[in-house]
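Colleague:
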Amino acid sequence: MKKSLPFIFLSCAFFISLSIGATQIADFWTALINPGSNEILWQIRVPRVTAAVIVGAALGVAGLLAQGACNNAVAEPAILGTSAGAAFGAVLAISVGLVEVGTVGAIFCGTLGALLATSLTFKLAALRGALSSFTLIIVGIAVSAIFTSFVGIASAMASRAEARSISFWSFGSLALITSENLIGVSITTTIGVAIAWRIAPFLDRLSLGDATAFHLGTDVSRIRLLALIGLSIAAGGAVSTVGSIAFIGLAAPHIARFIYGPSHRQLVVHSAVIGALIVVVADTVSRTIAQPNELPIGLATALLGAPVLIALVAVKNNVWRTQ
Amino acid sequence: MRSISLSTSGSFTASRVVVLANGVAEIMQSLNAQSIIVGRDISSSEDSLSQIPIVTSGHQVLAEKVIALKPDLVIIDASTGPQSAIDLIRSSGVTVVKTPESWRLGDISVKVRAVAAAIGAQSQAEQLVQQIDQSLVTSQLSWSPHVAFLYLRGTSSVYLIGGSGSGADSLLAALGAIDVGAKELDRPFNALTAESLAQLNPDVIMVMSKGLESVGGVKGLLKLPGVAQTKAGKNSAIIDVDDSLLLSFGTRTPSLLQVLAKALEQVRG
């Protein structure tokens, strides 16, 4: 029962989210079992809520990979520079007219940017010898800040308004999602989850410390590299499609770890489901609370997710069980 | 776009005029007073004015540039700003006249008379008003399309739709078209989500040219969620009108109405 609880919650949230919005859908259930029957439901709301599920799963798993690879409780795409790098890669490619928002091309460029920024963080953090968690976070924040300002400069200079606003890239929005946008982000999320699933047992060993993992026969740098690639692909796909949605990468794995313990195979599934749940709820809140305006979803995820994290830490100081 | 103009010229009480209000330059041209315009704001964008220096930065009036032109009259309206620049111009001894803004067809004559009074051309104004009134009589459309006037800002996640008092409502009403925004919404501009736009389901979507450009043209607009689900989206019934012309309500408006009528007939599905 405990294992299926997040799935049940996610299914409920999914249908509730589909049923509420700016307009009333007449005969909701009839419309839902007849694909394509109601345009507002099928062409606007279904793609949007589906995107929320996919993006949430991607960010949850990206956060898990970040924390697992760095063996660090506060590592997440936004802190390691991954999200900012992805936004930069996408904005740059869009503003020079190479690709359009939400396309596979934009996702490819976003993922490249994510890889670049994340590797930069790891490289710079390791400049003075062994990779310390503390240095990694500080360097990550700096790299993030640099790439975020690049995004600001690029979107201010871009005459193409399709490049979208700095607010979109910093806080995210699912308002402009269409069903075509789902293809690319589904692919990257699947790849990210697959990599996470594949290396999960090694992340278990890595959590015992680099030396122990090495003595257990783990190729530490190879696992870390794979994690970095998986993290960049998952977060890169999500960010280049809907902008940077903060907090999911941090909150989802922590909540999963709190409920289900430290085994990474389990955590991959549960981080994905819990991430999806948070994003679906947050998007529903952001599009209904201030009608007819819509809030950037990043504001809602922070409002929903931050208290959860504080509560977790307050209830149980040792969220990061293995340290 | 053809403008209604007087064939005879007269004399004016001002000799160096700076216009800082949308549509005023157009009216002065029609009164054959273009020769006394020495400076303009960025919204006075007709080609025939291209030789006249612009004295605004964006929509902000630069007092120094205005005073340097040594005008004897500056014409502003309620949206001209910042106030500090206007105060500065006034305190340098220049006469500043505020003319009314126009948001409806009925406002055109009021504005023409106000501009004419400012430059001392009252008698010409009556002639011009008469000509405008005659040409405003438009033929009705062969259908009553539901039209949504959208204000697009490419980067935003919600649309702004023109409601009652947006200006577009007056133009559409004159043609016998139905402004779906004005029918439902009391404010001139209203936030609208993709879903609400799909539900309003207009036959035609009217936008300003620069706004259309900001979403990547008709192709980009048709891809946006909400637009694609409307009848207008399905039939590509999109009409774009030059930004400064659409809501200027001046001497080019009668001819704009004819062009709009033609466009609305063409997109009939």
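Keeping their order, the protein sequence lines are chains U and W.
Numbered per the numbering used here, the first sequence spans residues 62 to 384.
Numbered per the numbering used here, the second sequence spans residues 1486 to 1754.
Glycine included, every Cβ here is placed at the ideal spot set by N, Cα and C.
In angstroms, rounded to a whole number, what distance separates the CA positions of residue 309 of chain U and residue 1633 of chain W?
Modeller: The residue you call residue 309 of chain U lines up with position 248 of the first sequence. The residue you call residue 1633 of chain W lines up with position 148 of the second sequence. In a straight line, the C-alpha of residue 309 of chain U is about 38 Å away from that of residue 1633 of chain W.
Colleague: Does any CB atom of chain U fall closer than 9 Å to the CB of residue 1709 of chain W?
Modeller: The residue you call residue 1709 of chain W lines up with position 224 of the second sequence. Yes, residue 1709 of chain W lies at the interface with chain U (some Cβ there is under 9 Å from its Cβ).
Colleague: Within 9 Å (strictly less), CB to CB, does residue 1706 of chain W reach chain U?
Modeller: Your numbering for residue 1706 of chain W matches position 221 in the second sequence. It does not: the Cβ of residue 1706 of chain W has no partner Cβ on chain U nearer than 9 Å.
Colleague: Which residues in chain W have a C-beta closer than 8 Å to the C-beta of residue 323 of chain U? List them in chain order.
Modeller: Residue mapping note: residue 323 of chain U aligns to position 262 of the first sequence, counting from 1. Within chain W, not a single residue places a beta-carbon under 8 Å from that of residue 323 of chain U; the smallest gap is close to 39 Å.
Colleague: Considering only their Cβ atoms, is the gap separating residue 1646 of chain W from residue 1464 of chain W smaller than 9 Å?
Modeller: With chain W covering only 1486 through 1754, there is no way to say anything about residue 1464 of chain W.
Colleague: Measuring CA to CA, which of U:193, U:236 and U:151 is closest to residue 178 of chain U?
Modeller: Here residue 178 of chain U corresponds to residue number 117 of the first sequence, with the count starting at 1. Checking every option, the nearest Cα to that of residue 178 of chain U belongs to U:151.
Colleague: Pick out whichever of W:1695, W:1544, W:1524 and W:1543 has its Cα sitting closest to the Cα of residue 1536 of chain W.
Modeller: The sequence position of residue 1536 of chain W within the second sequence is 51, counting from 1. Nearest option by C-alpha distance: W:1524.
Colleague: Ends of the beta strand (DSSP E) at residue 1757 of chain W?
Modeller: Residue 1757 of chain W cannot be examined here, being either before or after the span of chain W that is shown, 1486 to 1754.
Colleague: Pull up the distance between the alpha-carbon of residue 383 of chain U and that of residue 325 of chain U, whole angstroms please.
Modeller: Position 322 of the first sequence, counted from the start, is the residue given in the question as residue 383 of chain U. Position 264 of the first sequence, counted from the start, is the residue given in the question as residue 325 of chain U. Here the model assigns residue 383 of chain U a pLDDT of 42, short of 50, so the residue's position is not dependable and the matter cannot be decided.
Colleague: Output yes if chain U places a C-beta closer than 9 Å to the C-beta of residue 1601 of chain W; else output no.
Modeller: The residue you call residue 1601 of chain W lines up with position 116 of the second sequence. Not closer than 9 Å to any Cβ of chain U, the Cβ of residue 1601 of chain W fails to qualify, so no.
Colleague: Using a Cβ-Cβ cutoff of 7 Å, what residues of the stretch 1678-1689 of chain W are near chain U? List them in chain order.
Modeller: 1678, 1679, 1680, 1681, 1683 and 1684
Colleague: So what does DSSP say about residue 306 of chain U, is it helix, strand or coil?
Modeller: Locating residue 306 of chain U in the first sequence gives position 245, counting from the first residue. Here residue 306 of chain U sits in coil by DSSP.
Colleague: By the three-class DSSP mapping on this structure, what secondary structure does residue 1728 of chain W have?
Modeller: Numbered from its first residue, the second sequence carries residue 1728 of chain W at position 243. Residue 1728 of chain W: helix per DSSP, three-state reduction.
Colleague: Just to confirm the assignment, what range does the alpha helix (DSSP H) spanning residue 1497 of chain W have?
Modeller: Your numbering for residue 1497 of chain W matches position 12 in the second sequence. Neither: residue 1497 of chain W is in no alpha helix (DSSP H) and is coded neither H nor E.
Colleague: In chain order, what are the residue ranges of uninterrupted alpha helix (DSSP H) at least 4 long that sit wholly in the stretch 81-154 of chain U?
Modeller: The stretch 81-154 of chain U contains these whole alpha helix (DSSP H) runs: 89-94, 107-131 and 138-141.
Colleague: Residue ranges of each beta strand (DSSP E) run of no fewer than 3 residues wholly in the stretch 1576-1630 of chain W, ordered along the chain?
Modeller: 1580-1583
Colleague: Can you name the residues of chain U whose CB is closer than 7 Å to the CB of residue 1625 of chain W?
Modeller: The residue given as residue 1625 of chain W occupies position 140 in the second sequence. Correct list: empty, because the minimum Cβ distance to chain U is about 31 Å.
Colleague: Kindly list, in the order they appear in chain W, the residues whose Cβ is closer than 9 Å to that of residue 84 of chain U.
Modeller: Stepping through the first sequence from its first residue, residue 84 of chain U is reached at position 23. Going along chain W in sequence order, the residues near residue 84 of chain U (Cβ under 9 Å) are 1678, 1680, 1681, 1683 and 1684.
Colleague: According to DSSP, is residue 1545 of chain W part of a helix, a strand, or is it coil?
Modeller: Position 60 of the second sequence, counting from 1, holds the residue named residue 1545 of chain W. Here residue 1545 of chain W sits in strand by DSSP.
Colleague: Looking only at its chain, what residues have a beta carbon closer than 6 Å to the beta carbon of residue 149 of chain U, apart from the 5 residues adjacent to it on each side?
Modeller: By 1-based counting over the first sequence, the position of residue 149 of chain U is 88. 174, 208, 211 and 212, listed in sequence order.
Colleague: Would the C-beta of residue 75 of chain U count as close to the ligand COA, meaning under 8 Å from any of its heavy atoms?
Modeller: Annotation note on the ligand COA: not contained in the displayed structure, which lists no ligands.
Colleague: Who are the neighbours of residue 1545 of chain W on chain U, taking C-beta pairs under 7 Å?
Modeller: Taking the first residue of the second sequence as 1, we reach residue 1545 of chain W at position 60. Those do not exist, as residue 1545 of chain W stays about 18 Å from chain U at its closest Cβ, beyond 7 Å.
Colleague: Considering only residues of the same chain and omitting the five flanking positions on each side of residue 1620 of chain W, which have a CB-CB separation below 7 Å?
Modeller: Along the second sequence, read from residue 1 onward, the residue named residue 1620 of chain W stands at position 135. So the list reads 1489 and 1739, once near-sequence residues are dropped.
Colleague: Going by Cα to Cα distance, which pick from W:1689, W:1731 and W:1723 is closest to residue 1628 of chain W?
Modeller: Along the second sequence, read from residue 1 onward, the residue named residue 1628 of chain W stands at position 143. Nearest C-alpha to residue 1628 of chain W: W:1689.
Colleague: Look at the alpha carbon of residue 380 of chain U and the alpha carbon of residue 90 of chain U, and state the distance between them as a whole number of angstroms.
Modeller: To locate residue 380 of chain U, count along the first sequence from 1; it is residue 319. To locate residue 90 of chain U, count along the first sequence from 1; it is residue 29. The pLDDT assigned to residue 380 of chain U is 49, lower than 50, so where the model puts this residue is not dependable, and the model offers no usable value.
Colleague: Residue 1742 of chain W and residue 1652 of chain W: beta carbons closer than 9 Å?
Modeller: Here residue 1742 of chain W is taken as the residue at index 257 of the second sequence, counted from 1. Here residue 1652 of chain W is taken as the residue at index 167 of the second sequence, counted from 1. Contact check for residue 1742 of chain W against residue 1652 of chain W fails: the beta carbons are separated by 9 Å or more.
Colleague: I'd like to check one pair, residue 172 of chain U with residue 297 of chain U: are the Cβ atoms closer than 9 Å?
Modeller: On the first sequence, position 236 is the one that residue 297 of chain U refers to. On the first sequence, position 111 is the one that residue 172 of chain U refers to. It is a contact, given that the beta carbons lie within the stated cut-off.
Colleague: Alpha carbon to alpha carbon, how far is residue 1676 of chain W from residue 1753 of chain W?
Modeller: Within the second sequence, residue 1676 of chain W is the residue found at index 191, counting from 1. Within the second sequence, residue 1753 of chain W is the residue found at index 268, counting from 1. Computed Cα separation, rounded: 27 Å.
Colleague: Check the C-beta distance from residue 1735 of chain W over to residue 1508 of chain W and give it rounded, since I have them as a contact under 8 Å.
Modeller: Locating residue 1735 of chain W in the second sequence gives position 250, where the first residue counts as 1. Locating residue 1508 of chain W in the second sequence gives position 23, where the first residue counts as 1. Contact holds; Cβ gap of about 4 Å.
Colleague: Buried or exposed: which applies to residue 241 of chain U, given that a residue is buried once 16 or more other Cβ atoms fall within 10 Å of its Cβ?
Modeller: In the first sequence, counting from the first residue as 1, residue 241 of chain U sits at position 180. Looking at its Cβ environment, which holds fewer than 16 other Cβ atoms inside 10 Å, residue 241 of chain U is exposed.
Colleague: Starting from the Cα of residue 121 of chain U, find the closest Cα among U:375, U:334, U:344 and U:368 and give me that residue.
Modeller: Your numbering for residue 121 of chain U matches position 60 in the first sequence. Cα-wise, what sits closest to residue 121 of chain U is U:334.
Colleague: Candidates W:1530, W:1518 and W:1702: which alpha carbon is nearest residue 1722 of chain W's?
Modeller: By 1-based counting over the second sequence, the position of residue 1722 of chain W is 237. Minimum Cα distance to residue 1722 of chain W is reached at W:1702.
Colleague: Counting only Cβ pairs nearer than 8 Å, list the residues of chain U close to residue 1713 of chain W.
Modeller: The residue you call residue 1713 of chain W lines up with position 228 of the second sequence. In chain order: 104 and 239.
Colleague: Whole angstroms is fine: what's the gap from residue 1609 of chain W's alpha carbon to residue 1496 of chain W's?
Modeller: Within the second sequence, residue 1609 of chain W is the residue found at index 124, counting from 1. Within the second sequence, residue 1496 of chain W is the residue found at index 11, counting from 1. The alpha-carbon atoms of residue 1609 of chain W and residue 1496 of chain W are separated by roughly 10 Å.
Colleague: Which of the three DSSP states is assigned to residue 259 of chain U in this structure?
Modeller: Your numbering for residue 259 of chain U matches position 198 in the first sequence. Helix, per DSSP.
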